[in-house]
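Right, one structure below, let's go through it.
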Amino acid sequence: MTLKNNLFKHEKHLRFIAGIIFMFLAIFLDTWWLGIIALISFMTSSYNYCPTYEVIGINQKESKRNYYLSKFPLFNPEPVLLFKEDGVMDFTNNAGKKIFKDIKNLYEIYPKNSKEPYQLIKEDDSIFNQVKVGDLTYMIHFKGVSEIDSILAFSFNITDLVKINEEIINTQKDIVYKMGEIGETRSKETGNHVKRVAEYSYLLAIESGLSQEEANTLKIASPMHDIGKVGIPDSVLKKPGKLNLEEWKIMQTHAQLGYEMLKGSDRPILKAAAIVAKDHHEKWDGSGYPNGTSTDRIHIYGRITAIADVFDALGSRRVYKEAWELDKILELFKEERGKHFDPKLVDIMFENLDKFLKIRDSYQDV
Ligand SMILES: [Fe+2]
Ligand SMILES: [Fe+2]
């Protein structure tokens, strides 16, 4: 963009016409200074800038405004980058030079699995990507500019937004863990049980093809599966011996109770937790509780948490029982494949057994 101080849009065309008139006048009147005026008119008609205005101070404000506009990307506090069609960086402003100093190619900040840049240019489409630079997080908006076969990248510092979001998620996580622990403490489970259940659930979610977002939500929600136990009387929950039929019925209400406690919320994590609470004792063959739901009518969150919870509970020592040997646990899962548990999820568990054991080792009970 060149320096402009024209008064109106077609001024340079008018100067060209004026140049022709002055040239003819200079020839016909044989006047040398008209010739110079003609020459100046021709020269200034080739660009949008009139030095005469500058000298006599006409339109100075407009001139300055145009100057700043032409330099605007340069002074923009956030990085602005321009990439050629092949991805090589073509231009960056001062902020870009400072903040993205190591970026030389589009593909270093362009999102993977997105469209090819040439598509972006041709369709004049927009693509966004989040990039971390040191402690800062930038949202970059890629825009195709078909006139110059380039990709323009505007960026915005969203570090504070990301931090606030993380803070909200972490607060939810803490509360949910604490609630999960309350439920588990009442049933004599340990604090690390909820952490391991969270990790197993996440692993099963990812390996069974749920999205990253769903897997994260389930990871936070699954530890709350037994929150309904806060509503079970001590006489049942802490009874040392075997429960009689009536007591067992009371015990089973913890699933529905947990669901009732959590179902009212619009928050995705609490919504997922409500589902987990309701469905974690349902069985694949329909013999579970509270509703006797079967097969994939049981929510995937419930089917996953069931496996995570049982795998961990069996492998952990409790005051009333010793930890089961791994062989015995695996035997049970083989037996219950398609009865208690979703057969596909059991297969996934066996395929990823090494990862399960790694989780078990990293969150050991002390
Ligand atoms: Fe339970
Ligand atoms: Fe549990």
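Residue numbers (this note's numbering): 50 to 415. No residue lacks a Cβ here, since even glycine has one placed at the ideal position from N, Cα and C.
| task | Run the CB neighbour count on D410, radius 10 Å, all protein chains shown included, and call it buried at 16 or more, exposed below. | result | exposed
K278 vs G232 beta-carbon contact at 8 angstroms:
yes
Legend entry - Counted within 10 angstroms of its Cβ, other Cβ atoms place F149 as buried (16 or more) or exposed: buried
Next on the checklist: Could you compute how far the alpha carbon of F65 sits from the alpha carbon of L74?
Outcome noted: 14 angstroms
*asked:* For a test of the three-state rule: what should DSSP assign to R386, helix, strand or coil?
replied: strand
(message) So, at 7 angstroms on beta carbons, what are the nonlocal neighbours of Y226 in its own chain, with the 5 sequence-adjacent residues on each side left out?
(response) V243 and P272
TODO: Report, in whole angstroms, the separation of the C-beta atoms of G145 and P128, which I expect to be a contact under 8 angstroms.
DONE: 3 angstroms
- Query: Which value, in whole angstroms, describes the spacing of the CA atoms of M50 and E134?
  - Reply: Any reading at M50 is ruled out, since the residue's pLDDT is 44, under 50, leaving its predicted position unreliable.
Can you have a look at T220 and say buried or exposed, based on whether 16 or more other CB atoms are within 10 angstroms of its CB? exposed
Relative to ligand 2, is the shortest distance from any of its heavy atoms to the C-beta of H348 smaller than 7 angstroms?
no
message: Please identify the residue among L88, L78 and G364 whose C-alpha is closest to the C-alpha of K377.
response: G364
Mapping DSSP to helix, strand and coil, what is N143? helix
Margin query: What does the Cβ neighbour count give for L253, buried or exposed, with the cut at 16 atoms within 10 Å?
Written below: buried
Taking three-plus beta-carbon pairs below 8 angstroms as touching, is the stretch 205-223 in contact with the stretch 181-192?
yes
- What's the C-alpha gap between I353 and S250? 6 angstroms
Evaluate S119 with the Cβ neighbour count: other Cβ atoms within 10 Å of its Cβ, from every protein chain shown; 16 or more gives buried, anything less gives exposed. exposed
Meets three-Cβ-pair contact criterion under 8 angstroms: the stretch 257-267 and the stretch 332-348: no
**Prompt:** Of the choices W333, V182, E263 and F177, whose alpha-carbon is the least far from that of K147?
**Reply:** V182
Excluding the 5 residues preceding and the 5 following K332 in the sequence, name in chain order all residues of the same chain whose CB lies nearer than 6 angstroms to its CB. H389
Where I207 falls: helix, strand or coil (DSSP) = coil
| query | Curious, which full-length alpha helix (DSSP H) runs of at least 4 residues does the stretch 151-212 contain? | reply | 166-172
In this structure, does DSSP put L259 in helix, strand or coil?
coil
Where L130 falls: helix, strand or coil (DSSP): strand
Quiz prompt | Beta-carbon proximity list for A355, same chain, < 6 angstroms, skipping 5 on both sides | solution = H329
If you run the structure through DSSP and keep just helix, strand and coil, what is F370?
It should be pointed out that residue 370 corresponds to Lys in this sequence rather than to Phe. Strand, per DSSP.
Is any non-hydrogen atom of ligand 1 found closer than 7 angstroms to the C-beta of D275, if you look at the structure I gave you? yes
Any chance the CB of D435 is under 7 angstroms from a heavy atom of ligand 2? In the structure as shown, the chain begins at 50 and stops at 415. Residue 435 is therefore absent and cannot be evaluated.
- Query: With a CB to CB cut of under 7 angstroms and the five nearest residues on each side skipped, what residues in its chain are close to E318?
  - Reply: Residue 318 is actually Ile in this sequence, not Glu. Excluding residues within five positions, the ones whose Cβ falls inside 7 angstroms are Q221, V225, T266, I269 and A270.
**Prompt:** Considering H62, what are the terminal residues of the alpha helix (DSSP H) in which it resides?
**Reply:** E60 to L78
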